[in-house]
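So the mapping is simple: this note's numbering equals the position in the sequence shown, first residue as 1, plus 1.
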Amino acid sequence: MDVKPSVPCAGPSAQVKNAQRRWTTYLTYGCKPHFFVVLAVATIILLVVFIVTPGRNVQPDRDCCPCSKTARVVFHVNPADGSGNKPHATVVGREFGKTMSRDPGPHIFMVTAPGEDLTDRQVCSVESAALHHPGHNVHLLLLNQSSDTGTVVDAARITHLSHITNVRLWHIDTADVFRGSPLQHWYQHGYPTADPSHITDAVKVLLLWFFGGVVLDANFIVQKTLTHDIINSTVVEDGNGFPTTHILSFQKNSTFLSTWMEIFQTNYNVYDALDAGSVVLMRSIRSVCNVSALDEVSTSGCKLTVIKAKYFFPVHQKEATDIFQSGRYMTPLVRNSFAVWLWNDGVRISNRRKGSSLYRELMKDNCPKMRFEHGIYVYKGGLHNEM
């Protein structure tokens, strides 16, 4: 029997080494190009997804995080040296409009008179509105005129409000609000002789006509959520049988507001301080609802809600002493209201009385970020006198 000579072959260890060598060679020269091609394609796809559709299919919970949908426009100012964004820098109307269109709403607006510096009371008013509407943005419009250099708003007050997450501060050119609006012609011919309160009323009407929501002056201390009960097409009686423009709620393009603008432009008298605001609003209500008095609206079938003044407790001059001093008998009236409305300059003077007061209790409950020490309101970055 012939026996063939054995052929030398690699043992198991040699086979493993050869297999490892071949796999290493494949990874090095075969897989690497494919790997990088796949990685590059995946990276491009991810970039396209993030750039083209950033969060379009995500609908955030309105009650939790609507602020993430709105670009925050705040003028941060260092109180020590004034560095940061200039406090009198303005935001163009287009930017304001784009931001508002991205805000899911309902919109809450607060407006100052043109060229007016912020006061401590107004800071408290804005903070109270933000406190009781944590799921919504509160937009404060600081109006100036294009003819001047802009109002240098107190840096510490601005900084204080800028730290409230759902407050949006807008220092906007007043002319930009009217540009392209139904009231542009009136503004161009009625300004600058128009009363500042007339301009403010017109701005409030335009804000609601363009965007809808709730607008109120920065002289309310808000105590309750307004958006649950103050629904669209709502006015508040001023206590004298007239609707007030200090707080309004309407849908955008409201018929009431369109009528208001028509009457306002047609009958405006620059020398009549009352020929705007409440008077014009009452005329539009009479026209749309076919009524002669505000108390007839509820039985007219008109789609308008009228709220009694007691629900927005108005503090007139005669009550100023009581509310700024200890006045227990007034507590139920005040506590049961949606907001306390401090509506005139006389109230501001009475506020300087010393001692504990119901008003200070309201501030403590509804403006918790403001600290009152030894007769002075203390903000981060500065001290300020009592309101």
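Using N, Cα and C, we set each Cβ at its ideal position, and we do this for glycine too. Predicted model only: the values in this text are computed from it and were never measured.
Short Cβ contact (8 Å threshold) for residue i with residue j
{"i": "Thr246", "j": "Asp202", "result": "yes"}
{"i": "Leu162", "j": "Val216", "result": "no"}
{"i": "Thr113", "j": "Leu144", "result": "yes"}
{"i": "Leu227", "j": "Phe339", "result": "yes"}
{"i": "Lys205", "j": "Leu249", "result": "yes"}
{"i": "Asn233", "j": "Gln252", "result": "yes"}
{"i": "Ala310", "j": "Glu362", "result": "no"}
{"i": "Thr175", "j": "Ile200", "result": "yes"}
{"i": "Pro115", "j": "Pro197", "result": "yes"}
Burial state of residue i (16 or more Cβ within 10 Å)
{"i": "Gly83", "result": "With a pLDDT of 38 at Gly83, under the threshold of 50, the modelled position of that residue is not reliable, and no figure is offered here."}
{"i": "His164", "result": "exposed"}
{"i": "Pro369", "result": "exposed"}
{"i": "Ile173", "result": "buried"}
{"i": "His229", "result": "exposed"}
{"i": "Thr300", "result": "exposed"}
{"i": "Gly278", "result": "buried"}
{"i": "Asp118", "result": "exposed"}
{"i": "Thr44", "result": "exposed"}
{"i": "Asp218", "result": "buried"}
{"i": "Thr41", "result": "Looking at the sequence provided, one finds Ala at residue 41 rather than Thr. Exposed, since its Cβ has fewer than 16 Cβ neighbours within 10 Å."}
{"i": "Thr135", "result": "Here residue 135 turns out to be Pro, not Thr, going by the sequence shown. Pro135 comes out exposed."}
{"i": "Pro333", "result": "exposed"}
{"i": "Gly356", "result": "The pLDDT assigned to Gly356 is 47, lower than 50, so where the model puts this residue is not dependable; a value taken from the coordinates is nonetheless given after this. By the neighbour-count rule (16 or more Cβ atoms within 10 Å), Gly356 is not buried but exposed."}
Spatial neighbours of residue i in its chain, beta-carbon cut-off 8 Å, leaving aside the 5 residues before and after
{"i": "Thr256", "result": "Val289"}
{"i": "Ile264", "result": "Val281, Arg284, Ser285, Ser288"}
{"i": "Val298", "result": "Ile286, Cys290, Val292, Leu305, Val307"}
{"i": "Ala294", "result": "Gly242"}
Neighbourhood of residue i by C-beta, 7 Å cutoff - its chain only, sequence neighbours within 5 removed
{"i": "Asn367", "result": "Ser129, Leu132, Ile222, Val223, Gln224"}
{"i": "Leu258", "result": "Val206, Leu209, Trp210, Phe251"}
{"i": "Phe1", "result": "Examination of residue 1 is not possible in this model, given that the chain is present from 2 through 388 alone."}
{"i": "Thr235", "result": "Ser250, Thr306, Ile308"}
{"i": "Val127", "result": "Met111, Val139, Leu141, Leu162, Val168, Ala219"}
{"i": "Met101", "result": "His108, Phe212"}
{"i": "Gly240", "result": "Ala310, Pro315"}
Own chain partners of residue i with C-beta closer than 6 Å, once the 5 adjacent residues on each side are dropped
{"i": "Pro110", "result": "Pro is not the amino acid found at residue 110; the sequence shown has Phe there. His140, Leu208, Val216, listed in sequence order."}
{"i": "His108", "result": "Phe212, Gly214"}
{"i": "Met364", "result": "Cys125"}
{"i": "Asn58", "result": "A caution first: Asn58 carries a pLDDT of 37, below 50, which makes its placement in the model unreliable, though a value can still be read off. Once the five neighbours on either side are set aside, Asn58 has no close Cβ partner at all."}
{"i": "Thr260", "result": "Ser285, Ser288, Val289"}
Inter-stretch contact (C-beta, 8 Å, three-pair minimum) for the segment 305-315 and the segment 179-192: A contact is defined here as three or more CB-CB pairs under 8 Å, and the segment 305-315 fails this definition with respect to the segment 179-192.
Beta strand (DSSP E) segments (min. 3 residues) lying fully within the segment 100-157: The qualifying runs are 109-112, 139-145.
Beta strand (DSSP E) segments (min. 3 residues) lying fully within the segment 229-302: The qualifying runs are 235-238, 244-251.
Runs of beta strand (DSSP E) lying entirely within the segment 159-216, each at least 3 residues, in chain order: For the segment 159-216, the full-length beta strand (DSSP E) segments reaching 3 residues or more read 168-174 along the chain.
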